[in-house]
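Asker:
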Amino acid sequence: MSSTFDTIANIIAETCDIPRDTIKPESHAINDLGIDSLDFLDIAFAIDKAFGIKLPLEQWTQEVNDGKATTEQYFVLKNLAARIDELVAAKGA
Amino acid sequence: MRLEYFQLIDRVVDLKLSERTIRCEATVPAESTIFEGHFPGYPLMPGVLLVEAMAQTSGWLIVALNRFERMPFLAAVKEAKLRSFVKPGEILIVEARLAHDGSGYAMTEANIKCNGKLVCDAALTLRVLDFPNLEMSKRMRDVAARIGLNAEAPTDG
């Protein structure tokens, strides 16, 4: 799996005190790992710092609330890693 | 401080938007019913109110940075350290720096000094949301004007 996944898995393990070996690419941050929205802010902060990006949490939340996206698209970790890679690529473009 | 209104900041002394910092002044009242209970015979400014003063200072920085478009709400307090006692009548300088401007949230680092000495510090998380209603937005601008924070033309940046 990508180094992006490893980075965010390490961040989640450290931030939320979740055993690293239980965090899988298929894990849903909310449904599987039990991370709530406040704890996710700490994760977003660490991800923003680690990758030099700004996770568009408000936009994602709005899309989910409007039924235009599912939480799986953003909060299953392999999908989150892909979104991060896109944001990093867009930053460098 | 207007303790009875939970408005702890008296005035904005310095605001540097380009550096994302703010410095405010807050004078602890000489008398308050709070000091009758905290503590009888030994009045001290409650530590939670010092944390609140740091949160309000952080909040004023955030509303200044976003030009009063959105409202910060305290969400988390980390690494709060209350280093020495604060007594009635003391003049406090409260400083905050925006450490991170996230999507819908902000992280700040804040501290309070009294007579040049650090009395407390903390890392704070605030959710930054749309104003729930127009009335609140207007009232917050009124408070901002009272403490010298100009909503339309911040001092720098």
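Taken in sequence, the protein lines are chains A and B. Sequential numbering of the first sequence, starting at -11, is according to this note's numbering. Sequential numbering of the second sequence, starting at 92, is according to this note's numbering. In this text, a Cβ means the ideal position worked out from N, Cα and C, and glycines have one as well.
1. So I184 (chain B) is in the beta strand (DSSP E); what residue range does that whole segment cover?
2. According to DSSP, is A145 (chain B) part of a helix, a strand, or is it coil?
3. Out of A:I0, A:T(-8), A:K79, A:A1, point me to the one whose CA is closest to I41 (chain A)'s CA.
4. Alpha carbon to alpha carbon, how far is C205 (chain B) from D5 (chain A)?
5. Under 8 angstroms between C-beta atoms, does T199 (chain B) make it to chain A?
6. Keeping to the same chain, check which residues put their C-beta closer than 7 angstroms to that of G150 (chain B); ignore five residues upstream and five downstream.
7. Examine chain B for any beta-carbon lying closer than 8 angstroms to the beta-carbon of A32 (chain A), and answer yes or no.
8. Please state whether DSSP places D73 (chain A) in a helix, a strand or coil.
9. When the cut-off is 8 angstroms and only beta carbons count, does H129 (chain B) lie next to chain A?
10. Give a yes or no on whether 8 angstroms exceeds the smallest Cβ distance from G195 (chain B) to chain A.
11. Just curious, the alpha helix (DSSP H) that L225 (chain B) is in, first and last residue?
12. According to a CB-to-CB cut-off of less than 8 angstroms, which residues of the segment 45 to 61 of chain A neighbour chain B?
13. Verify whether the separation of the beta carbon atoms of I100 (chain B) and A144 (chain B) is less than 8 angstroms.
14. Can you pull the chain A residues whose beta carbon is under 7 angstroms from the beta carbon of A167 (chain B), in chain order?
15. Give the range of the alpha helix (DSSP H) segment to which I52 (chain A) is assigned.
16. Tell me which residues of the segment 210 to 221 of chain B have at least one Cβ-Cβ distance to chain A shorter than 7 angstroms, keeping chain order.
Answerer: So, from the listed chains and residues:
1. 182 to 192
2. According to the sequence provided, residue 145 (chain B) is Met. The question's Ala does not apply to it. In the structure shown, M145 (chain B) sits in a helix (DSSP, three-state: H, G or I).
3. A:K79
4. 37 angstroms
5. no
6. P163, L217
7. yes
8. helix
9. no
10. yes
11. 225 to 237
12. L45, E46, Q47, T49
13. yes
14. L26
15. Looking at the sequence itself, residue 52 (chain A) is Val, so the reference to Ile does not match. Element bounds for V52 (chain A): 45 to 53.
16. T216
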